[in-house]
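Working notes, structure below.
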Amino acid sequence: MASILTANKVTKRFGGLTAVNAVDFEIPEKAIVSIIGPNGAGKTTFFNCITGFGKCDEGEILFEGTPIQRLRPDQITKLGISRTYQNIRLFADMSALENILVGQHVFLKAPWFESVLGLPNVIKEEKNALAEAQRLLNFVDLKGKGDMLARNLPYGAQRRLEIARALATKPKLLLLDEPSAGMNPRETEDLTAFIRRLRDELGITILLIEHHMRVVMGISENITVLDYGEKIAEGTPAQIQSNPRVIEAYLGRGAATEGMATAHERFTKKAG
Amino acid sequence: MKKENFLWSSVKSGLLGGVIAIFICLVGMTEVFSKRDVIEGVITLGQFVLLATSVVAGFIASRRTINLLGPNQPLPALTAGLVAGLVTGLLVGLLIVSIGDSAEPALRTIFLNASPSLYQLLTFEKGAGNLWIMPTVGAISGLLGAGYLLLAEMFRRTINRALLVMVFMALFSNLFRVIFINQGMEGFAKFIFGQTGLTIPGTLIFFFGVILISLFWNSRGKQIQSSVAKLPKGGQLALRGTTIALIAIVALGLPQASGPFIAQVIVTVALFILMGLGLNITLGFAGLLDLGFVAFYAIGAYTVGLLTSYGEFGMQHISFWVAVPIAVIVAMGAGFVLGLPVLGVRGDYLAIATLGFGEIVRLLAGSDFLLPYFGGPQGIIGIQKPCIGILEPFVKIDVPRICNGYEMGKPQDIYYIAVASALLIAFVAWRLRESRLGRAWMAIREDEDVAEALGINLIQTKLLAYMLGAAMAGLGGAIFATLIGSIFATSMQLLVSINVVSLIIVGGMGSIPGVIVGSIALIGLPELLREVSEFRYLLYGITLIIMMLAKPEGLWPSQATLRELHHSEIETDVKA
Amino acid sequence: MRTSLSERLLDLVVSGFLWGIRILIITAILFGTVAAIRAGKYTGEQWIDFVVFGIAQGSIYALIALGYTMVYGILRMINFAHGDIFMTGAFGAYFMATWLNNIGFIDNNPLLGFVIPILFAMLVSAGIAMLVERIAYRPLRGAPRLVPLISAIGASFFLEYAFRGFFGPGKYAYPPIKALEGSWTIMGVGILKIQVIVTIAAFVMMATLYYIVMFTKMGKAMRAVSENKDTAALMGIDINRIIVSTFAIGAAMAGAAGVLFSLVYRQIDFFMGFTPGIKAFTAAVLGGIGNIPGAMVGGIVLGIFESVGPSLFLEGLGIPRPYQLKDVIAFTMLVMILLFRPSGILGERLTTKKA
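Spelled out as structure tokens, the structure:
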């Protein structure tokens, strides 16, 4: 399978701290891939490198063959990468519908003076945009909530709205940063199904950062493990669950010497 | 938790009230406000404001007491009000004593306003023997404040309304008097409106009139509203059409009826609405605080000045109607040039950087360096008035060109240009707000990083906000130049920018009606009330702080908040 | 979707424009300087005069800048009213000094006549700053950044126009200290005594402040709070007390600066804080806001530029009456720094080890 995103030796430093160290990474097209790792392992920093939030210091990131490591975030978005955030970052004082409409910004072409004059093509464009936004709203089960301010939506709805907003940019690759954070088991299950739908119905490649092992192990086809900014493992969920280095990273060195069996047991318990 | 003694807490409220009252006296408000009456021969505005402090002190003290002791304790609440008012009065009494009854009070070597005339005012012109008056009056008004708190909500609202209307009428009574006398209703005018405030019958009429009307509305309002709602569609349209037509007629006829002064005030308000709408785009929509906004106003004014002036620096051969669009375009270009470098600068740094730009523009315009082009400190004079008709060719410096047709020379004429421009720009601002660009601006205001990650080009979008805002300010400046007929660099102060920022904040950031409300309140009122205008910037300062503390969304919040309120209404309706 | 042509064009225009500005300004400065030196209108002594005046002026800016920098370091907020705190100190000192002058105290004890008004001004400024902090800033802590900034603008106008109301719009003449009039001849160059004294006083003050911030318990607490408020609170530091002290200390420095300023310029009025305030902010940004030695360096650099600049590069460019554009130099520097090196000469932060 062709890979949609390739990262070669990506490195990011903050002063003396190397947050991401020479990470090689690849996402096959239409796959669901996860990055896991303990807190502070550099997962979100790696996300930021891909989306142009903080430019990486060394290395190369290719998206469909185009190098993107020097581009601005808006340019990267236009190429087809979109993301959500660990701590939800909606436009809190705008309505749900407006949030999605902002996501469609790239596809709307009307120059400002045509908008002021209200030319027919502008009206048509706005009408289509509104219909599309409404469709996305329904897609994430927020039908009828379009006029509510984002800040007043319940937590789970805010998560879904953020995904809808990201979808509005028509991404080929969607980066989800801890989408299940703060969700109850029921919501988490819905989310897992929802992420699958994104891939199966819309054909979007998904890159996931997750702490919730059930989600990760349940839907990922491939998992990369980061620890202290370095890639320590990569493979299928089953391979990762039995990888001693991963267990060590999660449970500390003691666990590894204590005996693989118990550690493995504990790890899978945590995951389950 | 230990409960505070309510008496001590009342004393504290009283002390605070007293300090504020002393501040009001020493800063000079009492004296200046005393030139205007609320009720002629009964109470001056200065006294009214002082009394208000003790009323408010009493009100706060009794509210605290109720919080401490629980409701249904009228006696302690009233005592608290009395104590607070008394303390306020005593502090003012202390001020009276320290001013003393001499022709040159010692305190005056420091505080200019601690003058014998203030002494006279505070002792109600009765001299030292009447020191007891202030504390007594204070105590009574504190009691009033407490009593007011104990009234039912409905009565309070009614009294508020009545007081508000009464004070408003009193402040503008000389204006109304003139208008009514001009309309040939001299007897009526003199019966209600005095020279400096309302007459006693006038006060009674307004106070009780409002109370009666609002009592009537309380009992019948719902009925009237629903009967209007029940009207057939055509009827409603007709009703709305009539309202709009009435407003239009008043707007068209107003300057002719009221004379040049009112027209000029309204033009000033309209100019600030133009600037306000412009800054509302950069600050209210896109969240970029520009403290050098006056630069664009100046650029608009200078462009029109240079293009149309028949003075030394003018180009003389361009008419106002051509010069204005050029001025708007030049201002827009300036927005591009000044915006380009600073838009990478974030947040509060941007405010200071733009402030720097504003000052640079002003200093350069007024300097000898650019004197050959901009007239230096002498400015540009002899700006040609707009002419409807044919403008004859330029003859000679300092001789106006002759207008074959109608020359719009009076403020009443400029009024139409200014009001029409304000309406047009309000429409443009509203359309922009609803467009994709408007959404992009608001997204940037809310979260710049996320907006960029959604594909919004920050530089392009911010630059457009800056340029369109600048264009609107430029239009304002262009009209200003024509209205005044001359421009000086010294009139392009930072204070103008602060005016605009304040009116946006007061009206509500991002809200178009808010800009209009803010301009009327902050620009129109002080223009009409010379007494208030002396303390304009002091009041602005206080207003900015209070708005930030209590009501950061402004008096007329923007659409989003309203829609949200509306939405919850719909929901409750559905449930019901 | 690819980046559109117009966007790429815009990128090009932006970077071209920024480079254009840099080149333009550098060329103008170089050209003007060369022309001015070749014209030889001013003697070496006059240049030294300019520099000395610049240092005196700059040390006053530096003193004010400390307040901006400290408050920014702790609250990440531009205290727009700081320039007016400086003004309140000058007024406080004026009334104290006038009284001392009237009873003949200044003539008999010039040193005390110099110091007492300064101490009084520091008290007045600190008191007013604490009030402003309590009323206009503290309730807004944690609000979006524009909110406290606007409140600070409000406070600034309130102070200016309250003082205008109290004391009138006119100018007051600060009483002269006779012992400080005249000049000293140092290495053959006549230097005004007052400028030397002002510079020394400012440096003493800055050294004291540096000592407080670096070596006292309170200073350590301040640095801790500026590093991380929550952690500092967990360590048992009373955040509010530290913030108030920061305001008070910064304001005291500004108050002292107000007196020094009045001694140099001899006149005070309610609006005197505005321009020095902006310039001191420029100095703080120049040195790297949040950085205490940076504020000192920034102040002096700005003072010298402003004093030498009009005669050096503006006059060389053939600009008539270049001193009219003295403020333009300062404001241009401000904009340029914010544009090209927002972290300032010495870099940001109050808390780096070196600070």
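Protein chains in written order, with my numbering: chain A, 615 to 886; chain B, 36 to 611; chain C, 761 to 1115.
The beta-carbon is built from N, C-alpha and C at its ideal position, and this holds for glycine as well.
In this text, all values refer to a predicted model and were calculated from it rather than measured experimentally.
Three-state secondary structure (DSSP) at residue i?
| i | result |
| --- | --- |
| K37 (chain B) | Annotation note: pLDDT 48 at K37 (chain B) (below 50); position unreliable, coordinate value reported separately. Note: K37 (chain B) maps to coil in three-state DSSP. |
| R192 (chain B) | helix |
| K420 (chain B) | coil |
| R762 (chain C) | The predicted model places R762 (chain C) with a pLDDT of 48, which falls under 50 and marks its position as unreliable; any figure quoted below should be read in that light. Coil, per DSSP. |
| A500 (chain B) | helix |
| E604 (chain B) | Any reading at E604 (chain B) is ruled out, since the residue's pLDDT is 41, under 50, leaving its predicted position unreliable. |
| I675 (chain A) | strand |
| E640 (chain A) | strand |
| G512 (chain B) | helix |
| Q1027 (chain C) | strand |
| A870 (chain A) | Residue placement at A870 (chain A) is poorly supported in this model, since its pLDDT is 47, which falls under 50; the coordinates still yield a value, given next. Residue state, collapsed to three classes: helix. |
| F331 (chain B) | helix |
| D867 (chain C) | helix |
| V985 (chain C) | helix |
| G950 (chain C) | strand |
| I650 (chain A) | strand |
| Y934 (chain C) | coil |
| V624 (chain A) | strand |
| L266 (chain B) | coil |
| V634 (chain A) | strand |
| I838 (chain C) | coil |
What are the start and end residues of the alpha helix (DSSP H) that includes residue i?
| i | result |
| --- | --- |
| T578 (chain B) | R571 to A585 |
| I714 (chain A) | A710 to G717 |
| F927 (chain C) | L906 to F927 |
| V132 (chain B) | P109 to I134 |
| R773 (chain A) | Y769 to A782 |
| I837 (chain A) | Here I837 (chain A) belongs to no alpha helix (DSSP H); instead the beta strand (DSSP E) covers N836 to D841. |
| L822 (chain A) | Run containing L822 (chain A): none in the alpha helix (DSSP H); it sits in the beta strand (DSSP E), T819 to I823. |
| C663 (chain A) | K657 to T665 |
| M1116 (chain C) | The structure shown does not extend to residue 1116 (chain C), since chain C spans only 761 to 1115, so no value can be given for it. |
Note the first and the last residue of the continuous beta strand (DSSP E) segment covering residue i.
| i | result |
| --- | --- |
| S402 (chain B) | First-last for S402 (chain B): undefined, no H or E at that position. |
| W944 (chain C) | S943 to I946 |
| E848 (chain A) | E844 to G849 |
| D72 (chain B) | D72 to I74 |
Using DSSP bridges, identify the partner residues of residue i.
| i | result |
| --- | --- |
| S794 (chain A) | Partner(s): none; S794 (chain A) has no beta bridge. |
| S617 (chain A) | A:P642 |
| K977 (chain C) | K977 (chain C) pairs with nothing; no bridge assigned. |
Note down, in chain order, every chain C residue with its Cβ under 9 Å from the Cβ of residue i.
| i | result |
| --- | --- |
| A358 (chain B) | Under the 9 Å cutoff, chain C gives no residues; its nearest Cβ is about 28 Å from A358 (chain B). |
Just the chain B side, please: which residues come within less than 8 Å of residue i by C-beta, in chain order?
| i | result |
| --- | --- |
| E792 (chain A) | Those do not exist, as E792 (chain A) stays about 16 Å from chain B at its closest Cβ, beyond 8 Å. |
| L715 (chain A) | R471 and R474 |
| L722 (chain A) | R471 |
| S834 (chain A) | The premise fails here: S834 (chain A) is roughly 24 Å from chain B at the closest Cβ pair, so nothing lies under 8 Å. |
Interface residues of chain B around residue i at Cβ under 7 Å?
| i | result |
| --- | --- |
| P899 (chain C) | L584 |
| E678 (chain A) | Neighbours of E678 (chain A) on chain B: none; closest Cβ ~17 Å, over 7 Å. |
So residue i contacts chain C; which residues on that side make the cut at Cβ distance below 7 Å?
| i | result |
| --- | --- |
| G63 (chain B) | G925 |
Name the chain B residues whose beta carbon is nearer than 9 Å to that of residue i?
| i | result |
| --- | --- |
| F777 (chain C) | V372, L375 and P376 |
| Q1027 (chain C) | Per Cβ cutoff of 9 Å: no residues; Q1027 (chain C) is ~17 Å from chain B at best. |
For residue i, return the contacting residues in chain A, with the cut-off set at a CB-CB distance below 9 Å.
| i | result |
| --- | --- |
| E487 (chain B) | G666, F667, R686, P687, D688 and T691 |
Identify the contact partners of residue i in chain C, using a Cβ-Cβ distance below 8 Å as the criterion.
| i | result |
| --- | --- |
| A457 (chain B) | Within chain C, no residue comes near A457 (chain B); the closest Cβ sits about 24 Å away, beyond 8 Å. |
Is the Cβ of residue i closer than 9 Å to any Cβ of chain D?
| i | result |
| --- | --- |
| L560 (chain B) | Chain labels in this structure do not include chain D; the protein chains are A, B and C. |
Just list the beta strand (DSSP E) runs in the region 423-457 of chain B, keeping only unbroken ones of 3 residues or longer that don't cross its boundaries, in chain order.
438-442
Where are the alpha helix (DSSP H) runs, 4 residues long or more, that stay fully inside the region 677-759 of chain A, in chain order?
687-693, 710-717, 726-731 and 734-753
What are the complete alpha helix (DSSP H) segments, minimum 4 residues, inside the region 787-835 of chain C?
804-835
Complete runs of the alpha helix (DSSP H) confined to the region 339-418 of chain B [at least 4 residues]
355-377, 382-400 and 406-409
Which ranges would you report for the alpha helix (DSSP H) in the region 844-905 of chain C if only whole runs of at least 4 residues count?
865-868 and 870-892
At 4 residues or longer, what runs of the alpha helix (DSSP H) sit wholly inside the region 986-1023 of chain C?
989-994
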